[in-house]
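For reference, the structure is listed below as structure tokens.
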Amino acid sequence: MDATEEAKATRPTQIRPQTWSYVVRRTIQEFISDHCADAAAGLTFFAVLSFFPAGLAIVAVVGIVGDSERVLERLLSLVDQVAPTPVVETIRGPLTEIAGASGAGLTLIVAIATAVWSASLYVGAFGRALNRIYGITEGRPYWKRKPAQLALTILLIVLATIVVGVVALSGPVARGIGDLFDIGETALLVWDVAKWPLLAAAVIAMTAVLYKGTSNLQQPRFRWLGLGAILAIVLLGVASAGFAFYVSAFASYNRTFGALAGVVIFLLWLFLVNLALLFGAEFNAELERGRQLQAGIRAEKHLQLPPRDTTASERVARSTRVTEERGALLRRGEDLPPRDDTMFAKAVQLLRDLWQRMTRRD
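So for the sequence shown, the working numbering puts the first residue at 3; every next one is plus one.
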């Protein structure tokens with residue numbers, strides 16, 4: 003590690019006020035210039051694809067040790083306290099139907115497999131958005147990138163299942179402990195208050211894991227990624243409260259969209275969720291830039307962070323260079339030579355070599 007790397011701030015308190023000001027201003031600028039609203043719209047599509055399978059898997063797994071209907075009601079009550087009421091009414095029907103049809107065995111396995119695969123699509127899309135935010139191309143080949151996305155998805159679903167299980171099933175446990183010490187209602191009241199900071203901490207940790215594992219960059223420590231995660235969750239809470247008030251007081255979605263009003267509100271809320279997550283990611287990127295600039299590292303244009311892999315990006319660069327050279331031949335009116343650098347051409351050449359070896363043996 004060189005001197006400039008060692009000079010980077012190791013704690014948020016070591017960052018100067020003018021650096022914080024620079025970070026905040028540039029976060030807003032880059033959030034706009036990186037077209038994060040468009041990225042959030044795309045992420046909303048993948049979120050819809052993964053929401054119901056993931057919800058079914060979580061409810062089914064937690065339902066193994068408890069009543070699945072009660073777990074679902076507890077989960078919906080949690081969502082109702084952070085999202086507009088029409089969102090809960092929109093998802094209640096589908097989740098209740100699929101949860102009532104779910105059970106152990108093959109159904110549970112299929113539900114979990116579907117949830118993991120569909121949620122991995124969201125993880126992949128989020129990674130592409132982060133690559134754009136950090137100004138880096140994806141360098142991991144598919145055979146290396148997809149298993150990593152699936153592993154990260156499984157980790158997030160496991161964490162979400164644990165969180166939902168603890169929150170949904172801990173009420174009777176808290177009451178039982180309270181009855182043991184003859185403070186039943188008091189223990190339940192204390193837990194109802196204490197569970198929210200614990201839930202917020204768990205969601206922040208899951209968000210930091212999402213920031214850490216999705217992009218093609220070797221990210222800084224969780225300590226720094228956690229700041230963006232905290233900002234994202236705070237913004238999401240404020241935006242959800244404001245959106246809920248707007249929907250209940252001013253909006254006329256029922257008159258405009260009729261029976262689809264709840265669906266539209268649900269999509270808009272998911273859009274706000276992804277906007278908040280991307281803003282937190284943008285803040286993390288600019289915070290790392292501020293740390294590097296304060297340490298004397300040239301990061302005003304590009305962040306100095308090593309990529310995880312460059313195999314795929316180098317292959318794309320070679321293919322682009324060959325395509326441009328062939329375009330120059332077209333411009334000069336020259337004949338185009340056959341390409342031998344594509345996957346198809348390499349496969350054909352491999353088959354030819356195998357055929358020649360087989361015929362020589364004969």
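Ideal Cβ positions, reconstructed from N, Cα and C, are used throughout, including at glycine.
Keep in mind it's a predicted model, so treat the numbers as computed, not measured.
Item                                                                                                                                                                     : Value
Can you have a look at residue 23 and say buried or exposed, based on whether 16 or more other CB atoms are within 10 angstroms of its CB?                               : exposed
Could you tell me whether the stretch 23-43 touches the stretch 281-290, where touching means 3 or more Cβ pairs closer than 8 Å?                                        : yes
If residue 435 sits next to residue 152, beta carbons under 8 Å apart, how far is it from one beta carbon to the other, in whole angstroms?                              : An answer regarding residue 435 cannot be provided, because it is not within the stretch 3 to 364 covered by the chain.
Less than 7 Å between C-beta atoms, sequence neighbours within five positions excluded: which residues of the same chain meet that for residue 259?                      : 266
Taking a contact to mean a Cβ-Cβ separation below 7 Å, would you say residue 206 touches residue 159 in this structure?                                                  : no
Please list the terminal residues of the continuous alpha helix (DSSP H) segment that includes residue 290.                                                              : 263-296
Examine the Cβ distances between the stretch 292-303 and the stretch 240-251 and report whether three or more of them are shorter than 8 Å.                              : no
Residue 46 and residue 256: beta carbons closer than 7 Å?                                                                                                                : no
How many Å lie between residue 57 and residue 117 at the Cα?                                                                                                             : 8 Å
Would residue 217 pass as a contact of residue 137 if the rule is Cβ separation under 7 Å?                                                                               : no
How big is the Cα-Cα spacing for residue 354 and residue 273?                                                                                                            : 52 Å
On the DSSP letters alone, give me the boundaries of the alpha helix (DSSP H) that residue 31 sits inside.                                                               : 19-35
Which runs of the alpha helix (DSSP H), 4 residues or longer, sit entirely within the stretch 185-252?                                                                   : 186-216, 224-251
For residue 338, I'd like the list of residues in its chain whose CB is within less than 8 Å of its CB, leaving aside the five on either flank, ordered along the chain. : 328, 331, 332
Comparing alpha-carbon positions, which option in 241, 164, 91 lies nearest residue 268?                                                                                 : 91
Below 8 Å on the Cβ atoms is my contact criterion, and I expect residue 341 with residue 349 to pass it. Report the Cβ-Cβ distance as a whole number of Å.               : Contact flag wrong, Cβ pair sits at about 13 Å.
Bridge partners of residue 309, per DSSP?                                                                                                                                : 219
Between the C-alpha atoms of residue 42 and residue 271, what's the straight-line distance to the nearest angstrom?                                                      : 11 Å
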